[in-house]
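Numbering (the UniProt record's numbering), first residue to last: 1 to 757. First up is the structure itself, then whatever we jot down about it.
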C-alpha cells in the first residue's frame, strides 16, 4: 500500500470507490473514513523531506540550526563528569557520566552508559548500553563509534535480545560490491581483506542479486557485549588480531539489513521506546517537583509517563503526594496559581477528574489574588472578604470613632470613552503572564460613526443603596451593599458595576451609609465585538465612581483597578483594553512585573500624514460573528500556567512584533504594519485554533488581493476585523464590494482616531 495514495485517500470520501478494491482498502475506509479532517495553511512553515541520515545532520547543523532545540526529554550529567559537545543533539536519551559525544552528533531514544565515546557527525538511535555491575570484571566496558557513523539497535520477532546494527554515514546499502559499495566508509574490498572475510561468508544465498550491504549477512546475533566487541572489530577499530574475532563471527547466526527489515518486532520496539521515554519523563518531573520552580510542562510530561500502562498512573499518584510541599513554598517565588495547576494536571493524569474540577476554581482565585496583590499594596487583604464581614468591621468602627460616612454632595458625572483596536501584542497584557513577564501592546483608540460609543452617567441620590440600569432595559436596586460579594454568577448582567463598587472601595469603606447612587451604562457597539467593550465600560464606571467620591481617577490607577475587576468578574482580562480606551490616539504600552505592577504608556506622536493614511486605508468591519473572549482566554491562561513552550514562544514573538510595529508607525511605514498584522494573526491562530472560522477565512481570502494586512481584533473568534488596504483606491473598492456584495453580510464602520483624553 502507498502512504501518499491509499492512506490519504481514506480521508477523502470522493476517493473511497477507488480505494475499496485495493489491498486493505475497505479496512482503511472503515477505520479512517469517518474521521473529521481540518486543514490549516501554515504560511511560516516549510515541508522538509530527509532521504538520508546525512541530510538529517546537514539540516540540524545548517543555517537554521539556531532554531533547533538540542536537548529534549533527556538526562545529561554535569559538564565536569562528561564531554558532550554543545552542538550535539540529544533527544529522549539518558547519558551516564564518563561519556563523550562529538560535535553535531544526534543521539535519540538511547541510554548510554559510562565508557562510551561517540564521534562527530554520528547518529545513535535506540541504543541501550547496559551498565556492568559485575565487580569481578577486570575493566569497564569501552566502546567508540567513529566520526560519521550510524549505530542502532533492532528487536527481532522470535529473538529475546536486540541486534546491534552499524554503518558509515555515507554508505549506500544498495551500492554493489563492484560499483563503489562501502561499509563503514571503506570499500568492500578493503573491508574483506583487512578482516580476512570471504565473499561467501556474506553472500552465500542471494541468488542473482548484486552483492551489497543491503543483503550482506554481516550483523551477528550474540550476547550484547559480544556484539559490541564484534562491532568494534568490523568497523576496523580493534587492536587485536582477526583470530580473536573471526571464528566467533563465523560461528554466530548473522542477518542482513534486508532480513532485519523483514523481521523487526515493531510492537516491542514501540513498547521499549515508550517505557524509556516514560522513565525519563518521570525523572524530570521528580526533579522538577523536588528541586525546581515548576518551569516544565508537567501536563505534557505526564502524557509521556502514562505510556507505561502498568505503572504510569501509580507514578503520577506518587507525585501527587509532593503537592503540599509546593503550596507551602513562598508565593513570591512560586505563584500559588502555578502550584494549583500542577496539582490539577497530576489529578487529571490519574483520571481523577472530579477532584481536578473541584480544584479548578482555586487556580482562578489564585490568579485573581495575585493580580490584586500586584496592583496595589493591601488590596488583597479586604477585596476577597465577604461583604458581611466588612460591614461588621465598619459598624465596630462607627462605635469607636462616631462616624464612617464620607460626605458626598449632590453630584452627577458623565464619562464617555472610545473603543480600542489592537494591532499587535495582545495576550502579553493578560495575567498571569503580565505578573511574571514583560508585556508590550500596540493599540489605538477610535470613535465609531462619529461618537464615543461607551459611557456611564453616575449621580448621587437621597435614597440609600445603588440603582443600576443599562442600555437594554436591565434594572436593579441594591439596598443592602453587603449582598455585593464574589463570586458573581456568569449570567449576572450587573456584575461589572458590582465589581466596580468593590474595587473602588465604595463597599469596603462604607461611603454610602446615608446616600445612594444611580448608575446608568451604555455601549453602542455589537455584543462580542472584540473592541474591549467590557473592560472599557468598566474603566468608565470606575473612573466615574472615583470622580464622584474624589478618589484617584488618574488613568493609570483606573487601568490597574480594572485589571483586578476583570479577575473578580471571572473574565480574566488584561490591561490593554482599558489602556486603549482611557488613553487617546495610538500608543505603545509596556508593563513590568512587580508590586505594584508598572504600566508605561508611550503615546505615538502621529503625524497628520500617518493619521490621514491610516484613516483612508484601514477598514474597521463588523463580521457579524460573535464569541465571548473569556472562553478563549481561559484556555490560553491554562496553557501558560502549564508552561506550554509553544504558547510562551508565540507570546514572546507578539511582544517583539509590538516593538517593531511601534517603529514602523513612527516611520510612517503603514505597509510594514500590514505585514506585522498578518504575522500576529497567524500567531493568534496558534494560540487558539478556533479564533478564526470558515466565514472569517473566506472574508480574509476575498480581501487578500486588496490588503497588505488583516486580523480580527481582540481574542478573535468573531467580532470586528481590521483590513489594511494596499492603498486608498483598494480601500474604497474593498469597502464597496463588502457592503454591496451579497456574499458577505458585514458592516463597514466609519471611524476616526480618538485624539482627545
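Every residue, glycine too, gets a C-beta built ideally from N, C-alpha and C. Predicted, not measured: the structure shown is a model, and the values here were computed from it.
If only uninterrupted alpha helix (DSSP H) runs of at least 4 residues are considered, those enclosed by the segment 203-242 are 224-234. Secondary structure remark: continuous alpha helix (DSSP H) runs of at least 4 residues inside the segment 75-155: none found. When the beta-carbon positions are compared, residue 592 and residue 602 stay at least 8 Å from each other. At a Cβ-Cβ threshold of 8 Å, residue 102 and residue 118 count as neighbours. With a minimum length of 3 residues, the unbroken runs of beta strand (DSSP E) contained wholly in the segment 432-510 fall at 439-448, 454-461, 465-469 and 475-478. By the neighbour-count criterion, in which a residue is buried when 16 or more other Cβ atoms sit within 10 angstroms of its Cβ, residue 374 is buried. Counting only runs of at least 3 residues, the segment 251-279 fully encloses the following beta strand (DSSP E) elements, listed from N- to C-terminal order: 253-255.
The beta carbon of residue 421 sits closer than 8 Å to those of 443, 444, 446, 531, 580, 620, 713, 720 and 722, all from its chain and outside the five residues before and after it, given in chain order. Residues of the same chain with a CB within less than 8 Å of the CB of residue 461, apart from the 5 flanking positions on each side, are 467, 515, 516, 517 and 518 in chain order.
Counting along the chain, residue 603 sits inside no alpha helix (DSSP H); it lies in the beta strand (DSSP E) bounded by residues 598-603. Boundaries of the beta strand (DSSP E) around residue 587: 586-592.
When the beta-carbon positions are compared, residue 165 and residue 260 come within less than 8 Å of each other. Its chain contains 155 as the residues whose beta carbon lies nearer than 7 Å to that of residue 268, once the 5 sequence neighbours on both sides are disregarded; these appear in chain order.
For residue 416, the three-state secondary structure derived from DSSP is strand.
CA-CA distance, residue 647 to residue 428, rounds to 11 Å. In this structure, residue 234 places its C-beta atom within 8 Å of the C-beta atom of residue 195. Judged by DSSP in its simplified three-state form, residue 752 adopts strand. Residue 717 sits close to residue 632, with the two beta carbons spaced by under 8 Å. With a contact defined as Cβ atoms closer than 8 Å, residue 228 and residue 217 miss out at about 19 Å. Of 124, 674, 715 and 699, the smallest CA-CA separation from residue 685 is found for 715.
Here residue 688 carries a coil assignment [DSSP, helix/strand/coil].
Separation of the CB atoms of residue 120 and residue 104 is rounded to 6 Å, and the pair is thereby assigned contact status at 8 Å.
Where residue 533 is concerned, there is no enclosing beta strand (DSSP E), although the alpha helix (DSSP H) around it starts and stops at 533-548.
One Cα belongs to residue 559, the other to residue 539, and the distance between them is close to 7 Å. One Cα belongs to residue 316, the other to residue 329, and the distance between them is close to 21 Å.
Setting aside the 5 residues that flank it on each side, residue 755 is surrounded in the same chain by 584 and 585, each with a C-beta closer than 7 Å to its C-beta; the list follows chain order. Here residue 626 carries a coil assignment [DSSP, helix/strand/coil].
For residue 720, there is no enclosing alpha helix (DSSP H); the residue is found in the beta strand (DSSP E) stretching over 720-725. The criterion of a C-beta distance shorter than 8 Å is not satisfied by residue 307 and residue 92. If the five residues before and after residue 50 are omitted, its C-beta is found closer than 6 Å to the C-beta atoms of 56, all from its own chain and listed in chain order. The continuous beta strand (DSSP E) containing residue 167 extends over residues 162-168. Beta-bridge analysis with DSSP links residue 71 to 90. Excluding sequence positions up to five before and after residue 556, its CB lies within less than 7 Å of the CB of 599, all in the same chain and listed in chain order.
Between residue 168 and residue 184 a beta carbon distance of about 5 Å is seen, short of the 8 Å cut, so the two are scored as contacting. Between residue 497 and residue 453, the C-beta spacing is not below 8 Å. Excluding five sequence positions before and after residue 543, the CB atoms of its chain that fall closer than 7 Å to its own CB belong to 415, 553 and 558, given in chain order.
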